[in-house]
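Residue numbers (my numbering): 137 to 731. Where is the CB? At the ideal position from N, CA and C, for every residue including glycine. Since we're looking at a predicted model, the values are computed, not measured. Written below as structure tokens is the structure these notes are about.
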């Protein structure tokens, strides 16, 4: 009965509903990101290589750090190299490394605020070489992804490895040119079209590396894939430089992907057929055209007619593979003209060109596969020169480096990213971190082309810290504003089953829920007592309720201030914006009752 009376009170009902909605909103915001291994091929032959990419999906949450350990079978694969090219991270606590003796790959990287938000962020790429046949599993043995919330909240909810099947190496089939079924020069035999009576075993081949059968490519390692029906129990494949052969290498169980490596230049025919029960279906053919050879440069000359301001080019260039595609003409490193082969009449081309003084000209010749060669030349053009004025170099007043805001409270043994900017690029910056007992750490860094600098401070001890940046200017030391923060030990930040690391979401929601439920209970209790117990005056009840509301308002304002503090350091996530809106609505309602 007491609970029913409390819920009938509108104020009690409002705060209880707000508490429940915030609690579940917080629970849904704890973990979001996933790590996965994506391979460019899941079926390779012994001696071939495969590239795996470590992909981060932040699922809408801004993250600024990820670390992982990946295990692989050393009897089946050797790691050749690891690349950070195109990585979403620019800071590395631990450089990507591997061990072929223990079968381990590891990395620990991060990025400055605002961090990374996206569905397919590549962290590193791994090139692995298959040693022998078998089924190899690449899997995460440990991993963590940390949110860009100033607290290092681990938001990883899933990690997904990959399985690579290694088969025997398949050799290309070389067909003599005198074979009667060789196609006529300049003509291609179209792929075999499966009959309507064998649709369940007919295959449609596609290629990620060579997607257009009429186009030339400089990748000599084509990869092919096809979809299989459930009742297919085997496939046979083959590749040759003529269309007059049949596939002969059988894979049982059936595979749906094949990569062939180190093919020579020319036109290649990849064939595959599928088996259902004991009957083989029709053969499907896919054409891959490969040209890895650059055009042959016999002679390229540049002549400038200073009187008529005209550049004359003689280009004797040939390509026996895919053929010439286009020319690009550069003047002083700037592209000024794209020229087709038809515009070079008899190997000659002229262009009206006005350029003053010494000039460098470059012609780049491309074939249809994207291979290219280039030639350089120079010429001098006369004209009326205006003497340059003596440059006036203004006195530059030194400007102190600027530090971005840092969290006022940290977790000890965690890592802190310091970032800021200088007035000029390529400036040496010294970061000073002084502990309360006068112990100090010094970190050297340099501003980039956008005037920004970064430093990663690892393993902070518990205590108070003072942090500032310094630059040197004309033998003077110029300091930034001194910032202060405090690192608290993990044991002191625990709140029930919640730690300070998760306070940004679940801990905050837990506290707000407790405050709202307590307020709802006491408000409802006072309203109930006011209506049933005549010895308590209405004025006394209102006074007590006002105290409770003032206490609640004070605590909600503190948590709203925490959200505002996070917003000054980075963009709020969608969930944090919802929390901010709920807190503001709650405060508005409290103000109405206080009035």
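Please work out which residues of its chain come closer than 6 Å, Cβ to Cβ, to residue i, disregarding the five sequence neighbours upstream and downstream, and give them in chain order.
i, result
"residue 264", "186, 213, 215"
"residue 696", "719"
"residue 425", "352, 403"
"residue 721", "none"
"residue 477", "460"
"residue 516", "494"
"residue 455", "431, 503"
"residue 567", "554, 579, 591, 605"
In angstroms, rounded to a whole number, what distance separates the CA positions of residue i and residue j?
i, j, result
"residue 625", "residue 619", "20 Å"
"residue 231", "residue 728", "56 Å"
"residue 484", "residue 223", "44 Å"
"residue 430", "residue 503", "7 Å"
"residue 220", "residue 262", "9 Å"
"residue 450", "residue 437", "5 Å"
"residue 182", "residue 169", "35 Å"
"residue 290", "residue 208", "25 Å"
"residue 446", "residue 348", "40 Å"
"residue 188", "residue 558", "38 Å"
"residue 388", "residue 579", "59 Å"
"residue 716", "residue 282", "22 Å"
"residue 733", "residue 379", "As shown, the chain starts at 137 and ends at 731. That puts residue 733 outside it, with no answer to give."
"residue 581", "residue 501", "42 Å"
"residue 616", "residue 497", "47 Å"
"residue 471", "residue 448", "17 Å"
"residue 354", "residue 427", "5 Å"
"residue 327", "residue 458", "For residue 327, the predicted model reports a pLDDT of 48, less than 50, meaning its position is unreliable and no value from the coordinates is stated."
"residue 553", "residue 570", "15 Å"
"residue 381", "residue 406", "10 Å"
"residue 408", "residue 345", "17 Å"
"residue 637", "residue 303", "A caution first: residue 637 carries a pLDDT of 39, below 50, which makes its placement in the model unreliable, though a value can still be read off. So the two alpha carbons sit approximately 47 Å from each other."
"residue 572", "residue 621", "11 Å"
"residue 358", "residue 479", "33 Å"
"residue 565", "residue 201", "23 Å"
"residue 248", "residue 465", "40 Å"
"residue 463", "residue 203", "46 Å"
"residue 687", "residue 229", "44 Å"
"residue 341", "residue 361", "6 Å"
"residue 194", "residue 350", "39 Å"
Hey, residue i and residue j: beta-carbon distance below 9 Å or not?
i, j, result
"residue 605", "residue 543", "no"
"residue 473", "residue 452", "no"
"residue 752", "residue 272", "Nothing in the structure corresponds to residue 752, since the chain is present only between 137 and 731."
"residue 546", "residue 227", "no"
"residue 177", "residue 395", "yes"
"residue 411", "residue 363", "no"
"residue 548", "residue 598", "yes"
"residue 468", "residue 505", "no"
"residue 392", "residue 179", "yes"
"residue 609", "residue 556", "no"
"residue 518", "residue 442", "yes"
"residue 117", "residue 274", "Examination of residue 117 is not possible in this model, given that the chain is present from 137 through 731 alone."
"residue 210", "residue 233", "no"
"residue 401", "residue 356", "yes"
"residue 723", "residue 694", "no"
"residue 614", "residue 534", "yes"
Contact criterion: CB-CB distance below 9 Å. Does residue i meet it with respect to chain D?
i, result
"residue 376", "Among the chains in the structure shown there is no chain D, since it carries only a single protein chain."
Here's the rule I'm using: 16 or more other beta-carbon atoms within 10 Å means buried, otherwise exposed. How should residue i be labelled?
i, result
"residue 372", "buried"
"residue 611", "exposed"
"residue 439", "exposed"
"residue 700", "exposed"
"residue 594", "exposed"
"residue 482", "exposed"
"residue 245", "buried"
"residue 368", "buried"
"residue 600", "exposed"
"residue 551", "buried"
"residue 623", "buried"
"residue 343", "buried"
"residue 197", "buried"
Cutting at 8 Å between CB atoms, please list the residues of its own chain near residue i, excluding the five before and the five after it.
i, result
"residue 191", "171, 172, 173, 174, 256, 257, 258, 259"
"residue 205", "240, 241, 242, 276, 277, 278, 279"
"residue 574", "none"
"residue 199", "169, 192, 251, 252, 253, 281, 282, 283, 284, 291"
"residue 508", "430, 431, 500, 501, 502"
"residue 539", "554, 555, 556, 603, 604, 605, 616, 617, 619"
"residue 585", "561, 562"
Who are the Cβ neighbours of residue i in its own chain at under 7 Å, not counting the five residues just before and after it?
i, result
"residue 385", "306, 372, 373, 374"
"residue 294", "170"
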